[in-house]
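Novice: All residue numbers for the sequence shown refer to the working numbering, where the first residue is 3 and numbers rise by one.
Pasting in a structure now, in structure tokens, and then I'll have a few things to ask.
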Amino acid sequence: MPQDPHDDAESSIVTQTTSAFDLSALSAAKTDPALIAADERHFALIERSLARSVDELSARLAAARRARPTPGSETVERDMEIRRLSSRLLALSRYGLDLCLGRILVDGEAEPVYVGRLGLTDDDGARLLVDWRSPAAEPFFAATLAHPMGLASRRRYRWTRGQITDYWDEAFTADGLGDNAALDEQSAFIASLGSSRSPKMRDVLATIQADQDAIIRAESRGALVVDGGPGTGKTVVALHRAAYLLYADPRINRRRGGVLFIGPSAAYLSYVADILPNLGEDGVQTCTLRNLLPEGATAVPETNPDAARLKSSLAFARVLESAVQRYERPPTRGLAVETEWADLRLDPADWAEAFASAEPGTPHNEAREQVWEQLLTILVEQHDDEEVSEASVRRSLLQNRELRAAFQRAWPVLDPVGVVADLLSAPGYLAECAPWLGAGERAALLREDGRAWTASDLPLLDAARFRIGDPDETRRDRQRDAAMARERERIARVVDDLVAAEDDYEGLSWMLRQESMQEALVDPAALPAFDPDLLAGPFAHVVIDEAQELTDAEWQMLLRRCPSRSFTIVGDRAQARHGFAESWQERLERAGLGRVGADLVTVASLTINYRTPEEVMAEAEPAIRSAIPDANVPTSVRRSGLPVVRGPVADLAPVLEEWLAAHESGIACVIGDPDFIATSRVASLTPEQAKGLEFDLVVLVDPDRLGSGIEGAVDRYVAMTRATQQLVILSHY
């Protein structure tokens, strides 16, 4: 029997018996029991509560798995409860006492409030940890000296392998100051910025800053744009906002579609993969735009700029609509329909009436069933022999091959992929569907193999799927209907046998005869099961990182999946490789957002660079301003003490060898040298692939070869600002 993936989670928490503090590397003053004894006592309570919570969750999870609910909604509720319990248990297994981020002391209160990744109570229900997303925890992140939010003090912990290796106190009142050796000149956040990077994004929840927290907790209605330059924490905000909204916003939950998170690349998604689970959320769907379609796995870059421009335009949707409408035109000739009782007829007006019965917005293949049902209704109503039942007439019509063949010609089942492939490979078909395109434009779109997909084809394929529908859906629906009919017949036979064999004990026969009772007895296992498309939507909220790169057509892919128009849009206009001359409001309105009152677009700006040191930004700022004078270049909050180094390309190997020898941890990246082979600690990327990532050392090779104009300037700017410690620029002289 396969092992449950949560079994390890249930057994991985080991009770901690040592002190929560390991402050051996700090000054003696910071280890003073007067400063940490209260925390030690509180951590002992948390430790006991954790053990109790794990035991209780394990027992409830085991009971839920053993339960055999009746078919229908109870099965769904049971599965949701298992997922919820498993998620909670897995979250607890990722941490021990280090669930605790820190504490706050409200001015005038005697006892501090401890803030955690999750909420936790003791045996009596007293709160030991408040969830970081709760209103009570907000001051921990948002309080500043200018706006203390009623706090007297705040303490943040640095955890290393399950123990606190440092802590920092901040005072907001004179009483909060006291005689405290933990009041360092450098905050916990600034001190953490210079630590070594790894292939996974660091956990930064404990050091979320006030400007970031305000955006994380912002209203979810409409579209919120998080605009900020490199290193401002846009990605941090996006990920934590997804977790916050799932917890705090009743409009955004799994029952209503949950959250979809779109990243710019597979490398990026791998880099941030641990953040949401570490925040207790494992139900967010994460992907790139390519992942939304099966063709995205093999699609190659579009090499023809004219083709890319045409396909990225909203106007190209007219081509697809014209192609589909060719198959939704009612016949102009009548049709004689024979039955064994009478000859019936479909006139052009009847065809037109049936075609008009399709509900607006219904995909072509689904609307086909509506049109077919209306045709049958029209024909049945013509039959006036009262001795023949309506059901008999319908059965006869369903078996009429000539009628079915005529309908198949009039409204055929379409394959959305085939329609797009035909448009891109058949000159006559494209000319018929897009007569407004010039000959040169049609030539740019056409290719020999219509299914040789490019990245620019993906929005068109997506539009075709939503407009046409799944060609196999009708077949699956019929399989379900047939299976359901067989189940109903089986249950009816069982009921007949039971009623015949038993006395009518307390109305048993009456109960079994009820349709609702028989429906409840249907065995779901007897019905065919099909894997759902988890990325098809609809979603309650969509988060997009590096959104400045999206084309109009790509925006439509996301709008189709989020009818609520609730978005978090993260980007930097100065990092748009193909330029971004509009404002965010103008850009989003053109894409289809913000045109009505409900589609409110709000822009929140981040201007502080927490990642990139001053030395690197001094080199990067002129590189971007040469092409984009009004670029939103953020202000760095720290210096690394390491100057930007320039040298010849021949120095690449020595530079890396020297850095690796001097640094036991951390990661580096070579950008701009396609011949360099990556190692376990040195990545090799293009500027586009490096977006959203960060490295201790960046070696930029031949920056001038990245091109001219906006695209070249953006690539150089992105490459330089990936560095958290040092930047080395190597060129051919």
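Even for Gly, the Cβ is constructed at its ideal location relative to N, Cα and C.
Please classify Tyr116 as buried or exposed, where buried requires at least 16 neighbouring CB atoms within 10 angstroms.
Specialist: buried
Novice: Closest to Val672 by CA distance: which of Ala663, Glu83, Leu658, Phe409 is it?
Specialist: Leu658
Novice: Excluding the five sequence neighbours on either side, which residues of its own chain have a C-beta within less than 6 Å of the C-beta of Tyr159, listed in chain order?
Specialist: Gly104, Ile166, Tyr169
Novice: Buried or exposed: Tyr246, going by 16 or more other Cβ atoms within 10 Å of its Cβ?
Specialist: Per the 10 Å Cβ criterion, buried.
Novice: Any idea which residues DSSP pairs Ala139 with across the strands?
Specialist: Ala139 is not bridged to any residue.
Novice: Could you check whether Pro365 and Arg469 sit closer than 8 Å to each other, using their CB atoms as the reference points?
Specialist: Their beta carbons are under 8 Å apart, which means Arg469 touches Pro365 by this criterion.
Novice: By DSSP, does Leu130 sit in helix, in strand, or in coil?
Specialist: strand
Novice: Write down every uninterrupted run of the alpha helix (DSSP H) in the segment 360-417 whose length is 4 residues or greater and which is fully enclosed by it, in chain order.
Specialist: 366-384, 392-400, 403-412
Novice: Whole angstroms are fine: how far does the CA of Val419 sit from the CA of Ala445?
Specialist: 20 Å
Novice: To which residues of the same chain is Leu346 closer than 6 Å at the C-beta, ignoring the five residues directly before and after it?
Specialist: So the qualifying residues of the chain are Val339, Leu381, Gln384.
Novice: Are Asp472 and Asn367 close, meaning C-beta to C-beta below 8 Å?
Specialist: yes
Novice: Name the one or two DSSP bridge partners that Gly596 has.
Specialist: Bridge partners of Gly596: none, in fact.
Novice: Whose CA, out of Leu378, Leu153, Val646, lies closest to the CA of Ser398?
Specialist: Leu378
Novice: Quick one: what's Asp345 bridged to in DSSP?
Specialist: According to DSSP, which records beta bridges pairwise, Asp345 is partnered with Glu340.
Novice: With three or more beta-carbon pairs closer than 8 Å as the criterion, would you say the segment 237-254 touches the segment 208-224?
Specialist: yes
Novice: Per DSSP, what kind of secondary structure is Thr209 in: helix, strand or coil?
Specialist: Under the three-state reduction of DSSP output, Thr209 falls in the helix class.
Novice: Counting Cβ pairs closer than 8 Å, one from the segment 714-723 and one from the segment 613-632, do we hit at least three?
Specialist: With a cut-off of 8 Å, the segment 613-632 and the segment 714-723 count as touching, because enough Cβ pairs lie within range.
Novice: Report the rounded CA-to-CA distance for Ser200 versus Glu434, giving the unit in angstroms.
Specialist: A straight-line Cα-Cα distance of about 55 Å links Ser200 and Glu434.
Novice: Using the C-alpha atoms, what's the distance from Leu699 back to Pro137?
Specialist: 39 Å
Novice: Near Arg396, which residues of its chain fall below 7 Å by C-beta distance, leaving aside the five closest residues on each side in sequence?
Specialist: Leu378, Val382
Novice: For Val228, which residues of its own chain have a beta-carbon under 6 Å away from its beta-carbon, when the five flanking residues on both sides are left out?
Specialist: Ile217, Lys236, Val239, Val572, Ala606
Novice: In terms of residue numbering, what span does the alpha helix (DSSP H) encompassing Tyr735 cover?
Specialist: It is not in any alpha helix (DSSP H) - Tyr735 carries neither H nor E in the DSSP assignment.
Novice: Quick one: is Ser518 buried, meaning 16 or more other Cβ sit within 10 Å of its Cβ, or exposed?
Specialist: Bear in mind that the predicted position of Ser518 carries a pLDDT of just 48, short of 50, making it too unreliable to give a figure here.
Novice: Using the C-alpha atoms, what's the distance from Ser88 back to Arg62?
Specialist: 10 Å
Novice: Per DSSP, which residues does Leu687 bridge with? Please list them.
Specialist: Ile673
Novice: What does the alpha-carbon distance come out to for the pair Arg119 and Gln376?
Specialist: 56 Å
Novice: With a cut-off of 8 Å, do at least 3 Cβ pairs link the segment 297-305 to the segment 324-331?
Specialist: no
Novice: Would you call the segment 279-297 in contact with the segment 81-101, where contact means no fewer than 3 C-beta pairs closer than 8 Å?
Specialist: yes
Novice: Please state whether the Cβ-Cβ distance between Lys693 and Pro266 is less than 8 Å.
Specialist: yes
Novice: Could you tell me if Arg335 is buried or exposed, where buried requires 16 or more neighbouring beta carbons within 10 angstroms of its beta carbon?
Specialist: exposed
Novice: When you compare only the Cα positions, how much space is there between Arg453 and Ala423?
Specialist: 5 Å
Novice: Please tell me whether Glu617 and Ser642 are closer than 8 Å, where the distance is taken between their beta carbons.
Specialist: yes
Novice: How is Gly230 classed by DSSP in three states: helix, strand or coil?
Specialist: strand
Novice: Compare the C-alpha of Lys32 against each of Asp171, Leu426, Trp455, Val639 and name the closest.
Specialist: Asp171
Novice: Buried or exposed for Gln410, going by 16 or more other Cβ atoms inside 10 Å?
Specialist: exposed
Novice: For Leu650 versus Leu729, is the C-beta spacing smaller than 8 Å?
Specialist: One point to set straight first is that residue 650 is Pro, not Leu, in the sequence displayed. Remark: C-beta atoms of Pro650 and Leu729 do not approach each other more closely than 8 Å.
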